[in-house]
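Sequential numbering from 238 applies to the sequence shown in our numbering. Even for Gly, the Cβ is constructed at its ideal location relative to N, Cα and C. The structure under discussion appears below in the form of structure tokens.
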Amino acid sequence: MGVFTFLRRPKSTEAYLGSASADVQNALRDLDPYVRSHGGHIDLLSVSPENDVKIRLRGACQGCPMSEITFRQGIERHLRDRVPAIGKIEQVL
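Below you can see the structure in the form of structure tokens.
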């Protein structure tokens, strides 16, 4: 299953409450089964006071030619849908 198919599944109606950091962590947990199924892992490095997010992809995702597409069209899109308050999202290599 591709990341786009995975993310098109019906979303939970549960709303994320609390700080942006907790909301981002919860949103990343949604993606964990998909990323792990491909031998990867997502590290949340930081959420700034301005709600800018820094993420690192590890494992099989690190250095994968598709990781930029997965990041921009999968992870970033999902985070923006689930946590509208976030600012910039940066992938740290």
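Rounded to the nearest angstrom, the gap between the Cα atoms of Ile323 and Arg314 is 11 Å. Look at His315 here: in three-state DSSP terms it is helix. Glu287 carries a coil assignment under DSSP once its states are collapsed to helix, strand and coil. By the Cβ rule, the segment 294 to 304 does not count as touching the segment 261 to 271, because fewer than three pairs are nearer than 8 Å. The beta carbon of Leu268 lies closer than 7 Å to those of Ile279, Ile312, His315 in the same chain, with the five residues before and after it left out.
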